[in-house]
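First the structure, in the form of structure tokens, and then the observations on it.
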Amino acid sequence: MPAPSNAYDVPALRALRGFTASSASEKTNKVELSARGAAMMPIVKGVSGSFGGIIEACCLQPVDVVKTRLQLDKTGQYKGVVDCFRKIHAEEGLGALWKGLNAFATHLCFKYMLRMGTNATYQAALRDENGELSTGRRMLAGFGAGVTEALVIVTPFEVVKIRLQQQKGLAMDQLKYKGTVHCAQTIIKEEGVRALWNGAGPTIARNGTNQMCLFTAKAQVDRFLWDKHDGDGKMLHPVQSMISGGLAATFGPVATGPFDVAKTRLMAQSKAGGVKYKSFMHALYLIPKEEGILAMWKGLLPRLMRIPPGQAVTFMVADAIVHQWEARNLKKEDE
Numbered sequence: 001m002p003a004p005s006n007a008y009d010v011p012a013l014r015a016l017r018g019f020t021a022s023s024a025s026e027k028t029n030k031v032e033l034s035a036r037g038a039a040m041m042p043i044v045k046g047v048s049g050s051f052g053g054i055i056e057a058c059c060l061q062p063v064d065v066v067k068t069r070l071q072l073d074k075t076g077q078y079k080g081v082v083d084c085f086r087k088i089h090a091e092e093g094l095g096a097l098w099k100g101l102n103a104f105a106t107h108l109c110f111k112y113m114l115r116m117g118t119n120a121t122y123q124a125a126l127r128d129e130n131g132e133l134s135t136g137r138r139m140l141a142g143f144g145a146g147v148t149e150a151l152v153i154v155t156p157f158e159v160v161k162i163r164l165q166q167q168k169g170l171a172m173d174q175l176k177y178k179g180t181v182h183c184a185q186t187i188i189k190e191e192g193v194r195a196l197w198n199g200a201g202p203t204i205a206r207n208g209t210n211q212m213c214l215f216t217a218k219a220q221v222d223r224f225l226w227d228k229h230d231g232d233g234k235m236l237h238p239v240q241s242m243i244s245g246g247l248a249a250t251f252g253p254v255a256t257g258p259f260d261v262a263k264t265r266l267m268a269q270s271k272a273g274g275v276k277y278k279s280f281m282h283a284l285y286l287i288p289k290e291e292g293i294l295a296m297w298k299g300l301l302p303r304l305m306r307i308p309p310g311q312a313v314t315f316m317v318a319d320a321i322v323h324q325w326e327a328r329n330l331k332k333e334d335e
């Protein structure tokens, strides 16, 4: 009887596994990062994340606009993702799908820089005396990175982005907010600086959970599919990085859908227009009460259309940059 085949031993994966193995074939001895390389890794990962974020924003901004419009749709104006795309294009023009791009690109650049840099810092602090990082500690590092980015960068940038994206039309004289800086200035003038942190609670819950899932899943997928470990000097093929990043990013959006909807509603409301949701918990209570429980996952499809592909692009760029740094700073223990 023939031996049972490995369910994952398909030709495409075999070829990609072979690329990883061949890229490390010259490193027959156990390797580790030099002291300088290890100390600089948080900075390197931060820079790699910023480049990945800019590319992701340019590619996937239209999907983010659609996600925001669907989450703010309380009357059923849009019948779904395709209908939303079609109506925005027909009624407002193609350029409307890139509304808020400057804010979004700046947001992702700094967010990913902080996310990957702080995650590397927290991981370094949480490693045991042998330099090992348990799954639980990896999850804690990811959660900490998500909370940090939510408080420092994500909340104020998303308040501005959502205010810009919810405006309809392209005629500047008919828009309340003329651009990213004008939007931030107007919010501060009319509502106070604290308004830039509207929705901080659900943003912390969402981003902490998302990054806990993302970094843990990315490490597990890299290890399972490609036998790749942090700091081992193995180079992933760009396709491998995209597969790992895309798969790792699928769990968070499903788990954090209610947090994201509550966050969007809280950020979109202004004092001038009346405050409907008094707090994070009030939004979590009122939205399903008025619109049904499924309303808590409004915009999930465009989130899944944006976040996994976005992370695939980001990790493709970030992994390549990190590998170049690792390759220059590896030392052989046997030397």
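Numbering (full-length UniProt numbering), first residue to last: 1 to 335. For every residue, glycine included, the Cβ atom is placed at its ideal position computed from N, Cα and C. Predicted model only: the values in this text are computed from it and were never measured.
- Item | Three-state secondary structure assigned by DSSP to methionine 235 | coil
- Query: Given a threshold of 16 other Cβ atoms within 10 Å of its Cβ, counted over all protein chains shown, does glutamate 26 qualify as buried or as exposed?
  - Reply: With a pLDDT of only 42 at glutamate 26, under the threshold of 50, the placement of this residue in the model should not be trusted, and no figure is reported.
- Own chain partners of arginine 86 with C-beta closer than 7 angstroms, once the 5 adjacent residues on each side are dropped: Answer for arginine 86: no residue qualifies.
- Query: Is there contact here, the segment 301-312 with the segment 244-252, by at least three beta-carbon pairs under 8 angstroms?
  - Reply: yes
- State the CB to CB distance for the pair lysine 263 and glycine 199, rounded to an integer number of angstroms; the pair is presumed to be in contact (CB under 8 angstroms). 4 angstroms
- Message: Once the 5 residues before and after valine 317 are set aside, which same chain residues still bring their CB inside 8 angstroms of it?
- Response: Ser48, Phe51, Gly52 and Ile55
- Task: Check glutamate 191 in the structure and name its three-state DSSP category.
- Result: Here glutamate 191 sits in helix by DSSP.
- Following the continuous alpha helix (DSSP H) through glycine 201, name the residue where it begins and the one where it ends. Element bounds for glycine 201: 200-226.
- Environment of isoleucine 287 [buried if 16+ CB atoms lie within 10 Å]: buried
- Message: Which of the three DSSP states is assigned to lysine 111 in this structure?
- Response: helix
- Might you give, ordered along the chain, the residues of its own chain that have their beta carbon closer than 6 angstroms to the beta carbon of glutamine 165, omitting 5 neighbours on each side? A distance below 6 angstroms between beta-carbons, with the five flanking residues on each side excluded, links glutamine 165 to the following residues of its chain, in chain order: Val65, Thr68, Lys99 and Gly100.
- Query: Roughly how many whole angstroms lie between the Cα atoms of glycine 169 and valine 152?
  - Reply: 31 angstroms
- Query: Under three-state DSSP, which class holds glutamine 61?
  - Reply: helix
- Contact between the segment 191-206 and the segment 110-130 (3+ Cβ pairs under 8 angstroms): Result no; under three Cβ-Cβ pairs closer than 8 angstroms.
- Item | Through-space distance from isoleucine 187 to alanine 125, alpha-carbon basis | 38 angstroms
- Rounded to a whole number of angstroms, what is the C-alpha to C-alpha distance between leucine 225 and leucine 300? 27 angstroms
- Message: Under DSSP, the alpha helix (DSSP H) around histidine 282 begins and ends at which residues?
- Response: 280-291
- Output the boundary residues of the alpha helix (DSSP H) element that contains methionine 267. That run of the alpha helix (DSSP H) goes 257-268.
- Query: Counting Cβ pairs, one atom from each stretch, are 3 or more of them under 8 angstroms apart for the segment 142-149 and the segment 211-222?
  - Reply: yes
- Query: Roughly how many angstroms lie between the CA atoms of histidine 282 and valine 63, to the nearest whole one?
  - Reply: So the alpha carbons of these two residues sit roughly 28 angstroms apart.
- Query: Do valine 159 and methionine 267 have their C-beta atoms closer together than 8 angstroms?
  - Reply: yes
- Query: Start and end of the alpha helix (DSSP H) containing methionine 316?
  - Reply: 300-329
- histidine 229 - DSSP class collapsed to helix/strand/coil: coil
- Query: With 16 as the cutoff for other CB atoms within 10 Å, does glutamate 290 come out buried or exposed?
  - Reply: exposed
- Roughly how many angstroms separate the alpha carbons of alanine 295 and proline 258, rounded to a whole number? 8 angstroms
- Item | Buried/exposed call for methionine 172, threshold 16 Cβ in 10 Å | exposed
- Query: From Pro202, Met242 and Gly179, pick the residue whose C-alpha is nearest to that of arginine 163; which is it?
  - Reply: Gly179
- Query: What residue range is occupied by the uninterrupted alpha helix (DSSP H) comprising residue 339?
  - Reply: In the structure as shown, the chain starts at 1 and stops at 335, and residue 339 therefore has no counterpart that could be examined.
- Just the Cα atoms here: how many angstroms apart are lysine 79 and glycine 95? 21 angstroms
- Message: Less than 8 angstroms between the C-beta atoms of proline 42 and threonine 148, yes or no?
- Response: no
- The alpha helix (DSSP H) with threonine 92 in it runs from where to where? Note on identity: in this sequence residue 92 is glutamate, with threonine being the wrong assignment. Its alpha helix (DSSP H) spans residues 81-92.
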